[in-house]
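**Q** One structure coming up, written as structure tokens, with questions to follow.
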Amino acid sequence: MDSEWTMERVGQTLMKMGDTIEKNRNEITNAVKEIKEEISARFNVLDAKIIEVHNKNVEIEKSVEFNCENIDQLKTEAQKIRVQIKEEVQMLNEKLILAEKHDRKYNLVFYGIPQTNEEDINETMSNFLQEQRQLNSKMEIANQHRLRKREDREGPPPIIVKFVHYRDLEAVLQKRNLLGKGQQVLQDLPQVMKQERHKLAGIAYDISFDRVGKKLLICI
């Protein structure tokens, strides 16, 4: 009797333990399932973020490449514009020089004409043109005055004369060989052309004579 009761109690206990184990197993299974689902969800989020970052990197790379191409293109266009502007400025300067040269066409600059304290420039030039140059006193002069004296040039300040008629200017130039010592007459030119004329004059002087004073033949 006691033995049967004991076996029954053992069986009941084992059944309860089995139920408990099954319950715990189900709980563990459910917990593991929840953990797997949570991990899977997190991995999905992580994958989505990785894809998003990758896409952004691709966009950035494309943007950088596009911007680099744009920068190179802008540099090329800027260089073309600089060259074009430089050429246009050069052409404009040449036109301005030619316009200034035309404006100075009727001007002559006289060097080496003595200056007095109370000078009448009209009388000074009239006397010079008649006495020194043996020219017609009826030459019409539009304007004349002395220029500012340069520190690097000796002698009196030069006189600039604007003739009314170009033929009078040519007549003066034709008699320039009658000039006295230290005197000179030159056509008035823009500053840049004066500098080039001065350089050419120096070159011509250097190559016209050798060291022993013999003339050299210059072929142009």
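The numbering of the sequence shown is the working numbering, which starts it at -13 and goes up by one. Glycine included, C-beta positions come from ideal geometry on N, C-alpha and C.
Taking the alpha carbon of Gly166 as the point to measure from, which residue in Pro100, Pro176, Asn56 has its own alpha carbon closest?
**A** The option with the nearest alpha carbon to Gly166 is Pro100.
**Q** Applying the 10 Å Cβ sphere with the 16-neighbour rule, what's the burial state of Val171?
**A** Buried: at least 16 other Cβ atoms inside 10 Å.
**Q** Thr110 to Gln160, Cα distance in whole Å?
**A** The alpha-carbon atoms of Thr110 and Gln160 are separated by roughly 20 Å.
**Q** Going by C-alpha distance, which of Glu47, Lys42, Gly168 is nearest Pro142?
**A** Measuring from the Cα of Pro142, the nearest candidate turns out to be Gly168.
**Q** Does the stretch 147 to 161 come close enough to the stretch 124 to 131 to have 3 or more Cβ pairs within less than 8 Å?
**A** Yes: at least three Cβ pairs fall under 8 Å.
**Q** Have a look at Lys124 and Glu117 and give me their C-alpha separation to the nearest angstrom.
**A** The alpha-carbon atoms of Lys124 and Glu117 are separated by roughly 14 Å.
**Q** Just the Cα atoms here: how many angstroms apart are Ser26 and Leu32?
**A** Taking the straight line from one Cα to the other gives about 10 Å.
**Q** Under three-state DSSP, which class holds Lys91?
**A** Coil.
**Q** Could you tell me if Phe52 is buried or exposed, where buried requires 16 or more neighbouring beta carbons within 10 angstroms of its beta carbon?
**A** Phe52 should be labelled exposed.
**Q** Mark Asp89 as exposed unless 16 or more other C-beta atoms lie within 10 angstroms of its C-beta, in which case mark it buried.
**A** Answer is exposed; the Cβ neighbour count stays below 16.
**Q** Would you kindly work out how many angstroms separate the C-alpha atoms of Arg224 and Val178, rounded to a whole number?
**A** Absent from the structure is residue 224, since the part of the chain shown begins at -13 and ends at 206.
**Q** Using beta-carbon positions only, say whether Leu155 and Leu94 come within less than 7 Å of one another.
**A** Result yes, Cβ atoms of Leu155 and Leu94 sit closer than 7 Å.
**Q** Val147 bridges to which residues according to DSSP?
**A** Beta-bridge pairing links Val147 to Leu94, Gln130.
**Q** Taking buried to mean at least 16 other C-beta atoms within 10 Å of its own C-beta, is Tyr152 buried or exposed?
**A** That one is exposed.
**Q** Among Ile71, Arg162, Val39, Thr62, whose alpha-carbon lies nearest the alpha-carbon of Tyr97?
**A** Checking every option, the nearest Cα to that of Tyr97 belongs to Arg162.
**Q** Quick one: grab the DSSP three-state call for Leu172.
**A** Leu172: strand per DSSP, three-state reduction.
**Q** Alpha carbon to alpha carbon, what distance is there between Ala64 and Leu115?
**A** Rounded to whole angstroms, Leu115 to Ala64 spans 57 Å at the Cα level.
**Q** Under the three-state reduction of DSSP, which class applies to Arg139: helix, strand or coil?
**A** It is coil, neither helix nor strand.
**Q** Check whether the Cβ atoms of Glu47 and Pro176 sit closer than 7 Å, and answer yes or no.
**A** Against a cut-off of 7 Å, the Cβ pair of Pro176 and Glu47 comes out as no contact.
**Q** Suppose you measure from the CA of Asp30 to the CA of Asp58; what does that come to, to the nearest Å?
**A** The residue you asked about is not Asp; residue 30 is Asn in the sequence shown. Going from the Cα of Asn30 to the Cα of Asp58 covers about 42 Å.
**Q** Got a sec? Which residues, its chain only, sit under 7 Å from Glu23 by beta carbon, not counting five neighbours each side?
**A** Contacts found: none.
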